[in-house]
Amino acid sequence: MKKRFKNFSLISIGVIFGILVSINLSVFADKKEEAKKLPVEDLRIFAEVFGKIKADYVEEVADKKLLTEALNGMLAGLDPHSTFLDEDHFKEMQQGTAGEFGGLGIEVGMEDGFVKVISPIEDTPAFKAGLQSGDLIIKLDDKSVKGMTLNDAVKLMRGKPGSTINVQILRKGKDTPFDVKITRAQIKSQSVKAKLIQEDYGYLRVTQFQERTGEDVAKSINKLFAENKKPLNGIILDMRNNPGGLLNAAVAVSAAFIPEGELVVYTEGRAKDSKMHLTAIPENFIRDPKGNNYISKLPPEIKKTPMVVLVNNGSASASEIVAGALQDHKRALIVGTKSFGKGSVQSILPMNNGTAIKLTTARYFTPKGRSIQAKGIDPDIIVEDGFSGLMSREADLNNRLSNPEENKQDKSESTEPKTDEKNNTSESSKSDNGAEALKNFKPVEFGTEEDKQFQEALNILKGIDMYKTIK
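Per our numbering, the sequence shown starts with residue 19, numbered consecutively.
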């Protein structure tokens, strides 16, 4: 038995070393100067543990499962946004960026072994059911998510449209978890909505950054100008609860409002191809070199139309890139509450077997060199929505990527939720439990009379218009 186990261990070591060496060579073939020696002793331990599990675990475990779990753990241990994508999840992710996928309609991450809601997507089952940014999902039906990988939890949340799932939520400010029953749907996400609020004032709502978002924003701007029959006096760009998406789409939306050639965002990472300076030129947002430059067909007045950008705690990643660029170029006033603070770039790196990894490869910086990672965008004008104190941000995530300035500045922002927590405790003692509150919960429809932040943004635009008239 011992001899057989020894032989098996030697074979395992040989196989694993073969795999790792081939991976190492393929990854670093063009980066020889950066290549490092394999940690042979650590890999021997890995192979030994692999062999022990195969030989002694109470039940037989397939090699593929062990290796997949090892990959999951390796990536999840880096930060909350790096993950391993098996073939099914890789395909689902590609469908998501195209704007059509099935499930509940939430952008999620991991925290303390639980699934964390980054942002519910507007007009989806999760949004209508009252899920909020910062909610922790602790059970899906009768299964605890503690110990699950993010991929496994997402797989449980997906299902046949019309089927239901019971989601147990732990919400900041509530004493006990509560259940929410959600009906799954085939989600076709419309990333851009637009309307003429009243004469001379337009409203653009961007819910996600997908493949066609830049083009849809351009079409919406042209439509607003056509409906108004003259240049607009002001425009509101609403990116609240926008969890982000494609980087080139963020560049495209920024390019609609700032002069061509201006810097939108730059990134810094270890690999050479992770260092980018993305300016408002077609090459940075049109994938096909011969493609339609929809930004060039916009009315020239849009570059100077007074703007207000709405953000909140659910505005993350690509939406923060746009807000940061417009703020740095003094192109718009940012209104609302501090954004989520996800200032890292995840690259999708396909593997040879149809799987992929979503790997954090760089931090992004606004044109003036601000890192938003774990800090977010501070509004020029703060307008509370009544929920921001109950929600968490990137800075609250365990194992999150650091901000380059953290060692240089006072870390008071890392502890700022303490004040909110005290306030939230007193609030929760006066309120019903979460389940009861959700029964009466009706999401505020953005861009309506009930939307306090939207109304304030419109008042600000009218004030700018009045000031210009008096001047």
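Yeah, the Cβ is synthetic: ideal placement off N, Cα and C, and Gly gets one too.
Quiz item: Can you name, in chain order, every residue of its own chain whose Cβ lies under 7 Å from the Cβ of residue 480, other than the five neighbours on each side?
Solution: If we look at residue 480 and ignore the five residues flanking it on each side, it has no Cβ neighbours.
Exercise. Have a look at the DSSP bridge pairing and note the partners of residue 219.
Key: Residue 219 is bridged to 216 and 252.
Quiz item: Buried or exposed: which applies to residue 295, given that a residue is buried once 16 or more other Cβ atoms fall within 10 Å of its Cβ?
Solution: Around the beta-carbon of residue 295, fewer than 16 other beta-carbon atoms lie within 10 Å, marking it exposed.
Quiz item: Would you call residue 371 buried or exposed, if buried means 16 or more other Cβ atoms sit within 10 Å of its Cβ?
Solution: Counting Cβ neighbours within 10 Å, residue 371 comes out exposed, since fewer than 16 surround it.
Quiz item: In whole angstroms, what is the alpha-carbon distance linking residue 214 and residue 94?
Solution: Answer to the nearest angstrom: the Cα atoms are 44 Å apart.
Quiz prompt | C-alpha distance - residue 180 paired with residue 288, whole-angstrom precision | solution = One C-alpha to the other measures close to 45 Å.
Exercise. Please classify residue 219: is it buried, with 16 or more other beta-carbons within 10 angstroms of its beta-carbon, or exposed?
Key: It is buried - the Cβ of residue 219 has at least 16 other Cβ atoms within 10 Å.
Exercise. Please list, in chain order, all residues of the same chain as residue 102 whose beta carbon is under 6 Å from its beta carbon, the five residues on each side excluded.
Key: By the criterion of a C-beta distance shorter than 6 Å, residue 102 is surrounded in its chain by 89, 90, 93 and 375, once the five residues flanking it on both sides are discounted.
Self-check item: Exposure label - residue 261; buried when at least 16 CB within 10 Å
Solution: The Cβ neighbour count for residue 261, taken over all protein chains shown within 10 Å, is at least 16; the residue is labelled buried.
Quiz item: Where do the N-terminal and C-terminal ends of the alpha helix (DSSP H) with residue 170 fall, by residue?
Solution: Looking at the DSSP string, the run of the alpha helix (DSSP H) that includes residue 170 is 168-175.
Self-check item: Residue ranges of each beta strand (DSSP E) within the stretch 236-308, 3 or longer
Solution: Within the stretch 236-308, the complete beta strand (DSSP E) runs of at least 3 residues are 252-256, 281-286 and 294-297.
Self-check item: Cα-Cα separation between residue 63 and residue 74, rounded to whole angstroms
Solution: About 16 Å.
Self-check item: Where residue 140 falls, given that 16 or more other Cβ within 10 Å makes a residue buried
Solution: A residue is called buried once 16 or more other Cβ atoms fall within 10 Å of its Cβ, and residue 140 is buried on that count.
Practice problem: Please confirm if the stretch 175-194 is in contact with the stretch 120-136, defined as three or more CB-CB distances below 8 Å between the two stretches. | Solution: Touching, per the Cβ criterion.
Quiz item: Using a Cβ-Cβ distance under 8 Å, would residue 262 count as near chain C?
Solution: Judged by its chain identifiers, the structure shown contains no chain C, having just a single protein chain.
Exercise. Identify whether residue 121 lies in helix, strand or coil by the three-state DSSP scheme.
Key: Strand.
Quiz item: Exposed or buried, what is residue 143 when buried is set at 16 or more other beta-carbons lying within 10 Å of its beta-carbon?
Solution: The residue is buried, with at least 16 neighbouring Cβ atoms inside 10 Å.
Practice problem: Give a yes or no on contact between the stretch 391-406 and the stretch 77-85, applying the rule of three or more CB pairs nearer than 8 Å. | Solution: By the C-beta criterion, the stretch 391-406 is judged not to be in contact with the stretch 77-85, since fewer than 3 inter-stretch pairs fall below 8 Å.
Exercise. Check each candidate in 317, 152, 56 and 392 and name the one with the smallest Cα separation from residue 192.
Key: In terms of CA proximity to residue 192, 152 leads the group 317, 152, 56 and 392.
Self-check item: Identity of the residue in 476, 393, 227 and 125 nearest residue 340 by Cα
Solution: Considering only 476, 393, 227 and 125, the residue with the shortest C-alpha distance to residue 340 is 227.
Self-check item: Beta-ladder partner(s) of residue 368, from DSSP
Solution: According to DSSP, residue 368 bridges with 374.
Quiz item: How about residue 99 and residue 172: do their beta carbons lie closer than 8 Å?
Solution: No, the Cβ-Cβ distance between residue 99 and residue 172 is not below 8 Å.
Quiz item: Which one or two residues does DSSP pair with residue 382 in a beta bridge?
Solution: BP columns for residue 382 point to 285.
Self-check item: Alpha carbon of residue 84 to alpha carbon of residue 104, nearest angstrom
Solution: In a straight line, the C-alpha of residue 84 is about 14 Å away from that of residue 104.
Quiz item: Which first and last residues belong to the alpha helix (DSSP H) in which residue 64 is found?
Solution: For residue 64, the uninterrupted alpha helix (DSSP H) run begins and ends at 58-74, by DSSP.
Practice problem: With DSSP collapsed to three states, give me the class of residue 315. | Solution: Residue 315 falls in the helix class under three-state DSSP.
Practice problem: Name the residue from 338, 315 and 147 whose alpha carbon lies nearest to the alpha carbon of residue 284. | Solution: Nearest C-alpha to residue 284: 338.
Self-check item: Top-ranked residue by Cα proximity to residue 112, from 365, 422, 419 and 413
Solution: Taking only the C-alpha atoms, the option nearest residue 112 is 365.
Quiz item: How long is the line joining the alpha carbons of residue 145 and residue 281, rounded to whole angstroms?
Solution: So the two alpha carbons sit approximately 34 Å from each other.
Practice problem: Just mark residue 314 as buried or exposed, buried being the case when its beta carbon has 16 or more other beta carbons within 10 Å. | Solution: Residue burial is scored here from C-beta neighbours: residue 314 has fewer than 16 other C-beta atoms within 10 angstroms and is therefore classed as exposed.
Quiz item: Can you tell which of 346, 377 and 413 has its C-alpha closest to the C-alpha of residue 391?
Solution: Of 346, 377 and 413, the smallest CA-CA separation from residue 391 is found for 413.
Quiz item: Within 10 angstroms of its Cβ, does residue 357 collect 16 or more other Cβ (buried), or is it exposed?
Solution: Under this definition residue 357 is a buried residue.
Quiz item: residue 267 and residue 212: beta carbons closer than 8 Å?
Solution: Between residue 267 and residue 212, the CB-CB gap reaches or exceeds 8 Å.
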